[in-house]
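Take a look at the structure below.
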Amino acid sequence: MLSADDARLLAEVGFLAAGAGDAARAEIIFNALRRLRPDRAYPVVGLAVAWMNANRAHDAVRLLEGTVAPDPADRALLDAWRGFALQLSGRRAESVRLLETLATGESEGARLARGLLGMPQVNG
Numbered sequence: 005m006l007s008a009d010d011a012r013l014l015a016e017v018g019f020l021a022a023g024a025g026d027a028a029r030a031e032i033i034f035n036a037l038r039r040l041r042p043d044r045a046y047p048v049v050g051l052a053v054a055w056m057n058a059n060r061a062h063d064a065v066r067l068l069e070g071t072v073a074p075d076p077a078d079r080a081l082l083d084a085w086r087g088f089a090l091q092l093s094g095r096r097a098e099s100v101r102l103l104e105t106l107a108t109g110e111s112e113g114a115r116l117a118r119g120l121l122g123m124p125q126v127n128g
């Protein structure tokens with residue numbers, strides 16, 4: 005079984021690969037993490053980020069749309085990243101509509117949506 009620390013380290017390496025444009029390695033890492041941590045959003049976000057960095061935003065949109073997230077906070081986070089992928093796919097109006105629905109609240113997804121919309125962050 006993969007420990008939480010090991011999963012975190014793998015995710016960090018995956019995000020480094022995604023940021024460096026190494027989508028192939030990022031895909032391997034995040035697909036493995038998706039199998040090992042199917043109830044978590046971060047492997048899906050990592051894979052989506054890798055695809056967005058590889059000019060595959062349309063694939064990221066489909067991935068984020070098709071991911072089931074029972075936790076509402078995870079769903080909001082996945083949807084905020086989907087809003088970003090929609091922007092990169094040239095679907096700005098759809099992106100703005102989605103992000104505006106997410107922008108209220110204090111979840112990580114709401115904060116990301118506000119940032120993507122250029123809205124001020126709410127101080128709690």
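Just so you know, the numbering used here puts the end of the sequence shown at 128, numbered straight through with nothing missing. Beta carbons: idealized from backbone N, C-alpha and C, even for Gly.
Assuming residue i is part of the alpha helix (DSSP H), what are its boundary residues?
i	result
S99	96-106
L16	This sequence places Glu at residue 16; Leu is not what is there. Where E16 is concerned, the enclosing alpha helix (DSSP H) stretches over 8-23.
G122	G122 -> no alpha helix (DSSP H), and no H or E assigned at all.
G50	46-57
Short check: CB of residue i to CB of residue j, under 7 Å?
i	j	result
R12	A21	no
A80	S111	yes
G50	G18	yes
L106	D78	no
According to the neighbour-count rule (16 or more other Cβ atoms, all chains shown, within 10 Å of its Cβ), is residue i buried or exposed?
i	result
G130	An answer regarding residue 130 cannot be provided, because it is not within the stretch 5 to 128 covered by the chain.
L116	buried
A27	buried
P47	buried
Discussion item. Would the region 91-105 count as touching the region 66-73 if we require 3 or more Cβ pairs under 8 Å?
Written reply: The answer is no - the region 66-73 does not touch the region 91-105, with fewer than three Cβ pairs under 8 Å.
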